[in-house]
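Undergrad: Encoded as structure tokens, here's the structure I'll be asking about.
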Amino acid sequence: MRYLIAIAALVGALLLFLLSKASSSSEFISGSSYTIVLILSSFFILSLIAIIANQIKKLFRNIKKDVMGSRLSMRLVISFTLMAVIPGLIVYLVSVNFLTRSIESWFNVKVESALDGGLKLGQKALDIMLTDLELKAERMALSLSSLPETSQYAALSDLREKTGVQDATIISDQGKIIAVSSNDAESFLPALPTLIQLKQAENNIYGKIEPITNKGLYLRVLAPINGTSVSNERLILQILQPVPNSLSTLAESVQDVFQDYQKLSYSRDSLKLIFSITLTLVLMLAILTAVAIGFLLSRKLSEPLALLAEGTKKIAKGNFKTMLPEKGKDELGVLVRSFNSMTRQLDQATQTSENNQIRLESARSYLETVLAHLSSGVIVINDAMEIKSFNIAASKILQVDLSKNKDQLLTSISNKNKLLKDFVVSIQEEIKTSNRKMQPEIIKQFEVRYEKNNQVLSLQITTLPQNKVNNYVLMIDDITMMIQAQRNAAWSEVARRLAHEIKNPLTPIQLSAERIKHKLGSKLNKDDTEILDKAVSTIVNQVDAMKTMVNEFSEYARAPKLNLESTDINETIIEICHLFENSGIKITTNLLKRLPKIKVDANMMRQVLINLIQNSQDAMVNNTKKPSIKINTNKYKNYLILSIEDNGPGFSEDILKKAFEPYVTTKSHGTGLGLAIVKKIIEEHEGTIVIENIKSGGSHINIQLPISKSK
């Protein structure tokens, strides 16, 4: 701003010098010099206006942004501006009025009026001469119009001499000279009019006072001649008459004097204008100086406040290391020192809080890492059953994407998933029981029924008491496989013991029966012998059946030893299907061509297929009019898919839940070990087997075997 004031002073001094120069000489402000001064003055005024407008714009922008000290700056600027503008305007108006009257007094208004009258008088005399010449031209044109074209040329000179004009010329409307008559021996051809002038004279008389090069001032009159030339062109009469030298000289003298006076008068107006512009610039300079001083003073006063405001904003954004420069011992200096002291205390408190936050985040991250790698599902809820936290295992166990339901009610999730509704209701009841009995921990076991399988879940509820709202940690474990393994182990032990206890007496019983038959067969009569044969045969058959059952028990109890070899499952299926050709059941296959071979125990896979097809056949006997079985093979990703469907009655709901458990059967005969053995064989091959009912009727068995085993 200081530089702007200095530049304004220099420009003002330059303009004052030009003003002094213009006052001493009117020639300086005439022509291009005056134009340059006017341009410079205008540019300087616009520059001043732009500078002031820019400063005011910045000030209003700071006020809108609530910059500290901006409103104080506004009041100071307005005060200094008013102090400069009011007296400056008074001096400006008085000075302009005084200068205007002073400059007007320098010139005599009567002289200007006399010169103007003389000029008008000379113009009037010329107008009278032109009117008289127009009348002569009109009479000559009428005379020529009454004559034929051949006589017009001869009559033209007579008419010119009678009327006393200098030059008379007949011209076509295209500017072609037809005839000429002149008493000017020095001129060979007269000065011709323009085509525009000829056009104007076709129907009316045209007259004009105009100078002719090297001849002086002339009166030119054009009058139309009625009739046409031989070439059918319109004819026009031109009269040229020189203005008398005395009158021409006098008129030019008056004109020159009037022009000189007009130049002087023009200089007078320019002088008044330059004085007005200069005074305006001085006024603008005073206003700008006042505004600049107001800005400088307001900035000096509001700078500490602005620093405090900026420091406060930095602290609000979390930068507690902000320190302001301490200047002065006045109240503002005390305020700055107090601010710095407060900042130091905040910085220390922030560092302590950040260290605690880092430790807390580290502990939380550690806890989240542990929870993420837990096989148990963990869900944290509050009294309102709102989910606050969970781990990935919880989503997998409950088969619900909890990431999309964070901060939602657990009950709302159960409403969307009806299979979890009973489980969530049980959780609510256990939480109420825990609160009522003041038990901090409850462990329960639930069975959740899904569409394809059931899960046995272990639930542990731990209460986390807080100020007013309790939080609860739900620890959920899927113990389905563990329960199933325990059951399988128990059944295997039962089967092993049964096989051992039953197998030992079977052989002695069979041998004793056969010995009795051998010893007594020859000693009994015919009827008794038949009775004995039937009894012994029954004993032997039942012993064989018991041996078969014992063998199944033994097979289920012992872990199968796999003899893996590369096998084409499609060929195995076709081979087994041939065994059931005469079973009375329609078996259809849809086998994937180029199905990759996998490493399996071929004999065990035959046993699996025979058991499954035999089960379907037994289920459809006497229960289905047109029994049929469909066997399909396919490939999905890195798995071989084997599916078997039948149109039988399917499985009941109770049987379907525990179809793979030992001794579960709907047959009047059999041990119920068939599906259990099938599942055991499939799992030994690292595969899976799923049984489900078909809505239209029948059952569907799906087996997945990894193809990677073939590598």
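Under numbering that gives the first Met the number 0, think of the first position of the sequence shown as 0, with each following residue one higher. We treat Cβ as the ideally placed atom computed from N, Cα and C, and that holds for glycine.
#1: Counting C-beta neighbours from all protein chains within 10 Å, is the total for D477 16 or more, i.e. buried, or is it exposed?
#2: What number of angstroms, rounded off, separates the C-alpha of M603 from the C-alpha of I706?
#3: Give the straight-line distance between the Cα atoms of S78 and F319, rounded to the nearest whole angstrom.
#4: So, for K708: in the same chain, excluding its five sequence neighbours on each side, which residues have a beta-carbon less than 6 Å away from its beta-carbon?
#5: Given D346, which residues of its chain have a CB within under 8 Å of its CB, disregarding the five upstream and five downstream residues?
#6: Helix, strand or coil: how does DSSP classify A222 here?
#7: Where do the N-terminal and C-terminal ends of the beta strand (DSSP E) with M474 fall, by residue?
#8: What's the gap between the Cα of T279 and the Cα of E302?
#9: If I'm right that L155 touches A178 with Cβ under 8 Å, what's the distance once you round it to whole angstroms?
#10: Are L132 and G206 close, meaning C-beta to C-beta below 8 Å?
#11: Rounded to a whole number of angstroms, what is the C-alpha to C-alpha distance between I48 and E309?
#12: Any idea which residues DSSP pairs E209 with across the strands?
#13: Evaluate A348 with the Cβ neighbour count: other Cβ atoms within 10 Å of its Cβ, from every protein chain shown; 16 or more gives buried, anything less gives exposed.
#14: Comparing alpha-carbon positions, which option in N231, N469 and I475 lies nearest Q459?
#15: Answer yes or no: do S698 and I690 have a C-beta to C-beta separation smaller than 8 Å?
#16: With distances taken Cα to Cα, identify the nearest neighbour of K768 among L234, I442 and H684.
#17: Which residues in the same chain as Q565 place their Cβ atom closer than 8 Å to its Cβ, once the five residues preceding and following it in sequence are excluded?
#18: Does the Cβ-Cβ distance between I314 and T342 come in under 8 Å?
#19: Would the segment 511 to 523 and the segment 399 to 416 be scored as touching if the rule is three or more Cβ pairs under 8 Å?
#20: At which residues does the beta strand (DSSP E) containing N692 begin and terminate?
#21: Below 8 Å on the Cβ atoms is my contact criterion, and I expect V399 with N390 to pass it. Report the Cβ-Cβ distance as a whole number of Å.
#22: What do you get for N355, buried or exposed, if any count of 16 or more other CB atoms within 10 angstroms of its CB means buried?
#23: Return yes when the Cβ of I643 is within less than 8 Å of the Cβ of S615, no when it is not.
#24: In terms of residues, what are the limits of the beta strand (DSSP E) holding H699?
#25: Name the residue from I51, K636 and E574 whose alpha carbon lies nearest to the alpha carbon of I609.
#26: When DSSP builds the beta bridges, which residues end up paired with A178?
#27: Identify whether L611 lies in helix, strand or coil by the three-state DSSP scheme.
TA: Quick answer:
#1: Your numbering for residue 477 matches position 478 in the sequence shown. Buried, because 16 or more other Cβ atoms sit within 10 Å of the Cβ of D477.
#2: Residue numbering aside, residue 603 sits at position 604 when the sequence shown is read from its first letter. Residue numbering aside, residue 706 sits at position 707 when the sequence shown is read from its first letter. Each residue's alpha carbon lies about 17 Å from the other.
#3: Here residue 78 is taken as the residue at index 79 of the sequence shown, counted from 1. Here residue 319 is taken as the residue at index 320 of the sequence shown, counted from 1. Their backbone Cα atoms lie some 38 Å apart in a straight line.
#4: Residue 708 sits at position 709 when you count from the first residue of the sequence shown. In this predicted model, K708 has a pLDDT of only 48, less than 50, meaning its place in the structure is not dependable; the value taken from the coordinates is given anyway. So the qualifying residues of the chain are I597 and K598.
#5: In the sequence shown, counting from the first residue as 1, residue 346 sits at position 347. Excluding sequence neighbours, D346 sits near F319 and K320.
#6: Locating residue 222 in the sequence shown gives position 223, where the first residue counts as 1. DSSP places A222 in strand when its eight states are reduced to three.
#7: Position 475 of the sequence shown, counted from the first residue, corresponds to residue 474. Taken as a continuous stretch (DSSP letters only), the beta strand (DSSP E) holding M474 covers N470 to D477.
#8: Your numbering for residue 279 matches position 280 in the sequence shown. Your numbering for residue 302 matches position 303 in the sequence shown. If you take the alpha carbons of T279 and E302, they lie about 34 Å apart.
#9: Numbered from its first residue, the sequence shown carries residue 155 at position 156. Numbered from its first residue, the sequence shown carries residue 178 at position 179. The Cβ separation is near 5 Å, so the contact holds.
#10: Within the sequence shown, numbered from 1, the residue matching residue 132 stands at position 133. Within the sequence shown, numbered from 1, the residue matching residue 206 stands at position 207. Yes, they are a contact pair.
#11: Position 49 of the sequence shown, counted from the start, is the residue given in the question as residue 48. Position 310 of the sequence shown, counted from the start, is the residue given in the question as residue 309. One C-alpha to the other measures close to 31 Å.
#12: Locating residue 209 in the sequence shown gives position 210, where the first residue counts as 1. Answer is Y217, bridged to E209.
#13: For the purposes of this step, residue 348 is taken as the residue at position 349 of the sequence shown. By the 10 Å Cβ count, A348 comes out exposed.
#14: The count along the sequence shown starts at 1 and reaches residue 459 at position 460. When only C-alpha atoms are compared, the closest one is I475.
#15: Taking the sequence shown and counting its residues from 1, the one referred to as residue 698 is at position 699. Taking the sequence shown and counting its residues from 1, the one referred to as residue 690 is at position 691. Cβ distance < 8 Å, so S698 and I690 count as in contact.
#16: Summary: the structure shown does not reach residue 768, with the chain confined to residues 0 through 710, and so no result is reported for it.
#17: Along the sequence shown, read from residue 1 onward, the residue named residue 565 stands at position 566. Contrary to the premise, residue 565 reads as Ser rather than Gln in this sequence. Contacts found: K596, I597, K598 and S709.
#18: Taking the sequence shown and counting its residues from 1, the one referred to as residue 314 is at position 315. Taking the sequence shown and counting its residues from 1, the one referred to as residue 342 is at position 343. A contact, by the Cβ cut-off of 8 Å.
#19: no
#20: Taking the sequence shown and counting its residues from 1, the one referred to as residue 692 is at position 693. Start and end: T687 to N692.
#21: Sequence index remark: in the sequence shown, residue 399 carries index 400 (1-based). Sequence index remark: in the sequence shown, residue 390 carries index 391 (1-based). About 13 Å; that fails the 8 Å criterion.
#22: As a first step, residue 355 must be located in the sequence shown, where it is residue number 356. N355 comes out exposed.
#23: For the purposes of this step, residue 615 is identified with residue 616 of the sequence shown, where counting begins at 1. For the purposes of this step, residue 643 is identified with residue 644 of the sequence shown, where counting begins at 1. Closer than 8 Å, so yes.
#24: What you label residue 699 is simply residue 700 of the sequence shown in a count that begins at 1. First-last of the beta strand (DSSP E) with H699: S698 to P705.
#25: Taking the first residue of the sequence shown as position 1, residue 609 is located at position 610. Per the Cα distances, E574.
#26: The sequence position of residue 178 within the sequence shown is 179, counting from 1. I169, per the DSSP bridge assignment.
#27: By 1-based counting over the sequence shown, the position of residue 611 is 612. Reduced to three states, the DSSP call for L611 is helix.
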